[in-house]
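Number of protein chains: 2
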Amino acid sequence: MAHILIIEDEKGISDFLKEGLSEEGYEISLASDGEKGLQKAMNNSFDVILMDWMLPKIQGIEVTRKLREAGNQTPVIFLTAKDTVQDTILGLRSGANDYLKKPFSFDELLERIKVQLRKPQSKINHILSHEGIKIDKDKREVKIDNREIHLTQKEFDLLSYLLQNKNKVCTRDEILDKVWDIHFDYDSGVIDVYINSLRKKIKSVKDVNIIETVRGVGYIVKD
Amino acid sequence: MAHILIIEDEKGISDFLKEGLSEEGYEISLASDGEKGLQKAMNNSFDVILMDWMLPKIQGIEVTRKLREAGNQTPVIFLTAKDTVQDTILGLRSGANDYLKKPFSFDELLERIKVQLRKPQSKINHILSHEGIKIDKDKREVKIDNREIHLTQKEFDLLSYLLQNKNKVCTRDEILDKVWDIHFDYDSGVIDVYINSLRKKIKSVKDVNIIETVRGVGYIVKD
DNA sequence: CTTTACTTTTAAGCAAATTTTAAGCTTGGT
DNA sequence: ACCAAGCTTAAAATTTGCTTAAAAGTAAAG
């Protein structure tokens, strides 16, 4: 689970935060002044830092600035009583990622922490796989048991669409709509031709038929 | 300069935003309802989206959700009169990156936009390298096996962009958008010409072809 | 202001790959 | 056995990308 550093000198607040966040499953570290906070932040890798503005030794804004100068990119959320627009701007400009004015709602804080924890982009959704067939949407590459096969654009789009809707029958209309961008009623044999060519290309590498036809309706890929 | 999409139905507000942000040097696009907004957001690559909550056709929260479902990671900042904690949480949970309650300070908005525009990278990306090809973005210098080759500005930008997106197909639209700053549909052979010239210059020093073409889509540099 | 060197864009011909059409053939269900 | 739906194949139509050359645009130097 994610690891959060709280840099806050008022024990009441830090205890309250620690308790609440622990309950949510976060691992918490505390620092009671700017100096200790900076040191902890530099020597460990936290997922988020909650920062007070007014702190003993070094002010929060200065801690943030020094962190960024040192190349540390850990998301910083200010939690502070300094509530003017000017303060907010200074806080953000020092390198913080968000700025919450006290008193704040704990639930909102939770949600804003989650925003910072979001992965910039998970590749997870860009790779589909099914029985040894791997589709990498970024590279537009298809591998069967690690052997690459070349698909044309439409073949790739069609196969992706079928795998994306695994275990669900894709009707001809849906396929025409989503893969061919044809939104009206249209009758031609294109789909048949492409299904055929996909099956052929797959079979040339591995003797399976993953695309079943559902007579009168469309096609399906089952687990 | 960064490109911002404003999805907002009240003309007064969108005009105000457009004027203020243009003055700051941002390029602005407008959408007056959720449907148009979603469409624009999907078909272009913006750097930030400013989103109203209550919109004709599709609500802002739904637009955000659909964007994220489709894998679009563009930062979204809600600008809305819905000011309860519960609304904020719903907004952020739908996939937004920040949430500002009306009336907000324009200066704070500006600063929060800048937060979203911050690149999550440091000096690492100033030097790209790939199979003996080294690009120094600061010096705008390209070396292949330590022999320098001269690239024109556009050639340099294009090669940088491709290397920055290593292992991901760069579509022609994306390239036109990011390298040529052309944000509308445009058909010309410029990209082909530049790819050709890049390949030629690289080959004149080392007999490799790092730029693969993905027919019907774009180009990719693979590891 | 004009020249010159260079960069960027346009345009056109060509070759090759992709996509669509069409026609005959197979198959499953009644 | 019949018929419609689906399969297979090959050829036609279309699109795409590569390559060149020339035109248009820019900026520095004379």
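Sequence lines, in order, name chains A and B. 1066 is the number that this note's numbering gives to position 103 of the first sequence; each next residue is one higher, with no gaps. 1017 is the number that this note's numbering gives to position 54 of the second sequence; each next residue is one higher, with no gaps. Glycine included, each C-beta is placed from N, C-alpha and C at the ideal position.
One finds E1074, R1075 and V1078 in chain A with Cβ atoms closer than 7 Å to the Cβ of L1055 (chain B), taken in chain order.
Around K1029 (chain A), the same chain offers L1001 as residues with beta carbons nearer than 7 Å, after the five sequence neighbours per side are excluded.
In this structure, G1023 (chain B) lies near F1041 (chain B), with their beta-carbon atoms less than 8 Å apart.
In this chain, the beta strand (DSSP E) harbouring F1041 (chain A) covers V1039 to T1043. In the DSSP assignment, R1110 (chain A) falls within the beta strand (DSSP E) that extends over R1110 to I1112. Beta-bridge pairing by DSSP links L1063 (chain B) to B:L1042. In this structure, Y1182 (chain A) places its C-beta atom within 8 Å of the C-beta atom of I1158 (chain A). Here G1054 (chain A) is buried: its Cβ has 16 or more other Cβ atoms, across all protein chains shown, within 10 Å. Listed along chain A are D1101 and K1102, each with a C-beta nearer than 8 Å to that of K1131 (chain B). By the neighbour-count criterion, in which a residue is buried when 16 or more other Cβ atoms sit within 10 angstroms of its Cβ, G1179 (chain B) is exposed. CA-CA distance, G988 (chain A) to E1094 (chain A), rounds to 35 Å.
Rounded to the nearest whole angstrom, the C-alpha separation of G983 (chain A) and D1070 (chain A) is 10 Å. Of all C-beta pairs linking the region 1128-1136 of chain B to the region 1100-1111 of chain A, three or more are shorter than 8 Å, placing the two stretches in contact. For K1141 (chain A), same chain residues with a beta-carbon under 7 Å away, outside a window of 5 residues either side, are Y1124 in chain order. Contact between L1091 (chain A) and K1164 (chain A) does not hold, since their C-beta atoms are separated by about 16 Å, which reaches or exceeds 8 Å. Taking 8 Å as the cut-off, the beta carbon of N1035 (chain A) is found no closer than this to the beta carbon of V1078 (chain B). L993 (chain A) and N1007 (chain A) have their C-alpha atoms roughly 12 Å apart.
Here the alpha carbon of G997 (chain B) sits roughly 16 Å from the alpha carbon of I976 (chain B). Collapsing the DSSP output to three states places S1008 (chain B) in coil. The C-alpha of R1162 (chain B) lies about 29 Å from the C-alpha of M964 (chain B).
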